[in-house]
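>
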Amino acid sequence: MKIFIIVMLILSVTVLEYQMMNSTISDVCANEKNLRLTRRRRQLTFPDGSTVVLTISLVKAFMTHAPSGWNIALEIDVLYPLPDKKFINSFFRRKFHHRQKRELWEKLEAALDFHNINGRSCIFRSVCETEKYLAPPGKSLVHDILRAIFTAPLREEEFKAEMGLSYTELLDPDICEKENGCPFSVLDFILDLNKR
């Protein structure tokens with residue numbers, strides 16, 4: 010807590026010094042109402058190779074008499090890269106959120122396919138369910154994160170160009186009405202984990 014207070018104090022002094030250096034006497038006058046506080050746009054960068062891991066685990070006990078206490082554990086890990094200095098520099102040249110969404114979908118699809126579940130149809134089912142079943146924006150952090158992951162902005166040309174041939178089925182306006190081969194709802198699974 011002491012470190013936090015010291016850091017906040019240093020930041021506030023730095024901001025005040027910056028404002029004093031970049032302002033004239035009339036800008037500092039307390040009687041004027043048109044004071045503007047400006048700062049440069051800043052980004053959060055992480056060390057090279059940093060990732061966030063989304064892990065889904067399922068543990069089930071064996072129902073045997075001997076040996077007792079044995080469990081089976083199934084895990085799915087999805088790696089999501091965090092922005093490093095190289096990413097931040099290239100971010101200003103082109104938006105990468107559509108590419109990251111496609112890569113995340115491909116990793117989730119591959120993880121589900123590894124467990125003999127049709128991952129592609131589960132992605133499509135999740136995209137369709139996101140439009141219908143999630144709470145309005147700002148009501149739930151988990152719903153907002155799921156909306157950011159599984160929303161397909163088909164009106165944006167950048168999204169269509171990035172998805173390319175990977176997920177052309179999303180361009181079909183009746184994809185949500187068609188029968189889906191996914192045996193379970195990924196959204197329901199994640200939301201059930203959130204309730205526990």
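Numbering (the working numbering), first residue to last: 10 to 205.
Just so you know, even glycine gets a beta-carbon here, dropped at the ideal spot from N, CA and C.
The structure presented is a predicted model; accordingly, all values stated were derived computationally and were not measured.
Of the choices K148, T160, P145, whose alpha-carbon is the least far from that of S132?
Mapped onto the sequence shown, residue 132 falls at position 123. At residue 132 the sequence reads Ile, which differs from the Ser that was named. Checked all of K148, T160, P145; the closest Cα to I132 is T160.
> In whole angstroms, give me the CA-to-CA distance for C137 and V87.
Stepping through the sequence shown from its first residue, residue 137 is reached at position 128. Stepping through the sequence shown from its first residue, residue 87 is reached at position 78. Near 21 Å, if we compare the C-alpha coordinates of V87 and C137.
> R156 and C191 - do their beta-carbons sit closer together than 8 Å?
Working through the sequence shown from its first residue, we reach residue 191 at position 182. Working through the sequence shown from its first residue, we reach residue 156 at position 147. No, these two residues do not count as a Cβ contact at 8 Å.
> I'd like the span of the alpha helix (DSSP H) that includes E166, first residue to last.
Here the question's residue 166 lines up with position 157 in the sequence shown. Run containing E166: 166-172, per the alpha helix (DSSP H) assignment.
> Taking the alpha carbon of H152 as the reference point, which residue from L91, L202, R129, A120 has its own alpha carbon closest?
Looking up residue 152 in the sequence shown gives position 143. Residue L202 is the option with its Cα nearest to H152.
> Buried or exposed, going by whether 16 or more other CB atoms sit within 10 Å of the CB of K110?
For the purposes of this step, residue 110 is taken as the residue at position 101 of the sequence shown. That one is buried.
> Assess contact between the segment 116-125 and the segment 78-87, defined as three or more Cβ pairs (one per stretch) separated by less than 8 Å. Is contact present?
Flag = yes, the segment 116-125 and the segment 78-87 touch.
> Quick one: which unbroken beta strand (DSSP E) runs of 3-plus residues sit fully inside the segment 70-95? Chain order, please.
Taking only runs of at least 3 residues, the beta strand (DSSP E) segments lying wholly in the segment 70-95 are 80-90.
> Starting from the C-beta of T2, find all residues in its chain whose C-beta is less than 8 Å away, skip the five residues before and the five after it, and write them out in chain order.
With the chain covering 10 to 205 only, the question about residue 2 has no answer from this structure.
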